[in-house]
Amino acid sequence: MDVFTLSCLNQRRWSFHYQVDGQFCKHGDFEIRGLSDPAARSKTVKKKIRIGNAGGYWGDDLDAFRRQLTGGPLDYITMDFLAEITMSILLKQQLRDPQLGFAHDFLTQIDENLEEIVARGVKVISNAGGMNPLGLGRRIRDLARERGLDLKVGVVSGDDVTARLGELTAVGEKFTNMETGASFDAVQDRITSANVYLGAEPVVAALDAGCQIIVTGRVTDTGITLAPMIHEFGWAMDDWDRLAAGTVAGHIIECGAQASGGNLTDWHEVPSFRDIGYPIIEMTQSGEFTVTKHTRTGGLVSEKTVKEQLVYEMGDPAQYISPDGIAFFDTIKIKDMGRNRVRVFGVRGGPAPEAFKVSMAFSDGWKADGEVLVSGPDVKRKAAALADVFWRKVGEDLEDTYTALVGAGSIWPDQLNRYEPNEIYLRFGARDHDRAKLELFSKALPALILAGPSGMAVSTRGRMRPRQVVSYWPALV
């Protein structure tokens, strides 16, 4: 029972090593395009593989994993845990306890289903490792040892370049904000985490080594789904059309139930949201694939659900850029086959970019927010009166503030309301780089409970407390 670790520091340019159960073995300086080992793969190419997603974010339905595992035949289960800000949250956990820094929900799911995973021979891939993929891999290995299970666990690391930012800027990396053009100098001393988005190939290498459960740090949402296709079908790392097809497939299922009826605009067309079926890709060697879900589950897979997910989190709507290649979205063809089956074909692709995206987070001041329930007749006027006295008490010397009347125009314009509400959640928020100002702000609302209009109820959250603001800094390396 091994823990097999790959460290791919900025994939194409830096070396990697592997680790087997605690023993490090240097493996030379490799170009990333030659990192995986096609000779280690099966000589018999499957006609089709089935990959199911069981989670699209940290906090997704814990029961989805077992539904995917036991609901029908699957070769792989993939799970995406890492939103842009998640790494900073995991880093805070690791600073409190070096054994943490990964998404513990994933460990719980593996713990509850480990025997079934081994019995069914399903391979599981997830970026739940976060800031501590090796720690998560060792915990999974220990669970397997305790139960006498023969299991090889793969760990992909090397994405965390936080400690190397000084070294990289010294050799000319600019880390200019790719969205605003702002200089990195303004935030460099406040960076809390920096993680390069790695692609599929280190995961392919772990599959080539025979790993059944693979955990990673910051590997792309699409890369964890593309990797099994490269491994099983022997796709070349410059077969851009097939890699693009696999990337599109990964993008469709990366957000879990959002591709199978969840969050659908025409939500009323979904037969049931109970025990919603999470999406499954049936991929063929040619790159054509079908999106579906297990039978006897809730949700819906249709042309609409697939198309809505396709345009989710897109920058340029014509092309999807990843470290594995570019997928040209204006070439995608979709055909609804009925009975929760949608065929996707015709995907074309282009070469991978030379630079990699790096997701950074930095300390950016403090924020606080709180709310009070205001009820009774003429409630909007009452809330306005309370807001006026609140802000007069707080003062105006804050960098940013907001007031929201939840239930009366906080999302939709107030002029579209067709009724006069009789209750409102009145929410106040503020942000500033001076924590002391936020402390004063936090004490102002409780002081008005008996000194303002009638019909107010305090929030069960208690007093507003300042919380650190962590902001996002995307760059290239």
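Per this note's numbering, the sequence shown starts with residue 1067, numbered consecutively.
Cβ atoms here follow ideal geometry from the backbone N, Cα and C, with glycine treated the same way.
Quick caveat: nothing in here was measured; it's all calculated off a predicted structure.
{"Check": "Give me the Cα-Cα distance between residue 1464 and residue 1249, rounded to the nearest whole angstrom.", "Outcome": "25 Å"}
{"Check": "Rounded to whole angstroms, what is the Cα-Cα separation between residue 1321 and residue 1284?", "Outcome": "16 Å"}
{"Check": "Below 7 Å CB to CB, which residues in the same chain sit around residue 1326 once its five sequence neighbours on both sides are set aside?", "Outcome": "1342, 1343, 1344, 1345, 1359, 1365, 1366, 1367, 1371"}
{"Check": "Should residue 1317 go down as buried or exposed, given a rule of 16 or more other Cβ atoms within 10 Å for buried?", "Outcome": "buried"}
{"Check": "Please classify residue 1268: is it buried, with 16 or more other beta-carbons within 10 angstroms of its beta-carbon, or exposed?", "Outcome": "buried"}
{"Check": "Leaving aside the five residues before and after residue 1412 along the sequence, list all residues of the same chain whose C-beta is less than 7 Å from its C-beta, in chain order.", "Outcome": "1397, 1398, 1399"}
{"Check": "Does any residue of chain D bring its CB to less than 9 Å from the CB of residue 1479?", "Outcome": "In the displayed structure, chain D is absent; only one protein chain is listed."}
{"Check": "Taking its Cβ as the centre, do 16 or more other Cβ atoms sit within 10 Å of residue 1499, making it buried, or is it exposed?", "Outcome": "exposed"}
{"Check": "Name, in chain order, the residues that DSSP records as bridge partners for residue 1159.", "Outcome": "None; residue 1159 has no bridge partner."}
{"Check": "Could you give the distance in angstroms between the alpha-carbon of residue 1200 and the alpha-carbon of residue 1431?", "Outcome": "32 Å"}
{"Check": "Between the alpha carbons of residue 1240 and residue 1516, how many angstroms are there, rounded?", "Outcome": "55 Å"}
{"Check": "Pick from 1395, 1260, 1519: whose alpha carbon is nearest that of residue 1537?", "Outcome": "1260"}
{"Check": "For the beta strand (DSSP E) containing residue 1384, list its first residue and its last residue.", "Outcome": "Segment: none, residue 1384 is in no beta strand (DSSP E) and carries neither H nor E."}
{"Check": "Which two residues bound the contiguous beta strand (DSSP E) that contains residue 1373?", "Outcome": "It is not in any beta strand (DSSP E) - residue 1373 instead sits in the alpha helix (DSSP H) that spans 1369-1376."}
{"Check": "Give a yes or no on whether the C-beta atoms belonging to residue 1050 and residue 1282 are separated by under 9 Å.", "Outcome": "No statement about residue 1050 is possible, as the shown extent of the chain runs from 1067 to 1543 and does not include it."}
{"Check": "Taking C-beta to C-beta, are residue 1122 and residue 1146 nearer than 9 Å?", "Outcome": "yes"}
{"Check": "Looking only at its chain, what residues have a beta carbon closer than 7 Å to the beta carbon of residue 1414, apart from the 5 residues adjacent to it on each side?", "Outcome": "1307, 1310, 1394, 1397"}
{"Check": "Quick check: what's the CA-CA separation for residue 1117 versus residue 1189?", "Outcome": "9 Å"}
{"Check": "For residue 1449, collect the residues of the same chain with a Cβ closer than 8 Å to its Cβ; drop the 5 residues on either side in sequence, then sort them by chain order.", "Outcome": "1440, 1471, 1474, 1490, 1492"}
{"Check": "Excluding the five sequence neighbours on either side, which residues of its own chain have a C-beta within less than 7 Å of the C-beta of residue 1148, listed in chain order?", "Outcome": "1193, 1196, 1284"}
{"Check": "Checking 9 Å against the spacing of the C-beta atoms, do residue 1206 and residue 1166 come in under that value?", "Outcome": "no"}
{"Check": "Based on the DSSP secondary-structure assignment, which residues constitute the bridge partners of residue 1432?", "Outcome": "1498, 1534"}
{"Check": "My assumption, with CB atoms under 8 Å, is that residue 1533 sits in contact with residue 1427. Please give the rounded CB distance.", "Outcome": "The pair is not a contact, with the Cβ atoms about 14 Å apart (cut-off 8 Å)."}
{"Check": "For residue 1228, which of helix, strand or coil comes out of DSSP?", "Outcome": "helix"}
{"Check": "Let's see if you can read the secondary structure: which residues bound the beta strand (DSSP E) around residue 1471?", "Outcome": "1466-1472"}
{"Check": "Quick one, which of 1226, 1243, 1171, 1234 has its alpha-carbon nearest residue 1154's?", "Outcome": "1226"}
{"Check": "Can you give the beta carbon distance from residue 1184 to residue 1215, rounded, assuming they're within the 8 Å contact cut?", "Outcome": "5 Å"}
{"Check": "Between residue 1171 and residue 1128, is the Cβ-Cβ spacing less than 9 Å?", "Outcome": "yes"}
{"Check": "Can you tell me whether residue 1331 is helix, strand or coil according to DSSP?", "Outcome": "coil"}
{"Check": "Can you tell me which residues form a DSSP beta bridge with residue 1243?", "Outcome": "For residue 1243, which the question treats as bridged, DSSP gives no partner whatsoever."}
{"Check": "Just mark residue 1377 as buried or exposed, buried being the case when its beta carbon has 16 or more other beta carbons within 10 Å.", "Outcome": "exposed"}
{"Check": "Between residue 1447 and residue 1521, what straight-line distance do the alpha-carbon atoms span, to the nearest angstrom?", "Outcome": "13 Å"}
{"Check": "Our contact map puts residue 1258 next to residue 1429 with C-beta atoms below 8 Å; I'd like the distance itself, whole angstroms only.", "Outcome": "6 Å"}
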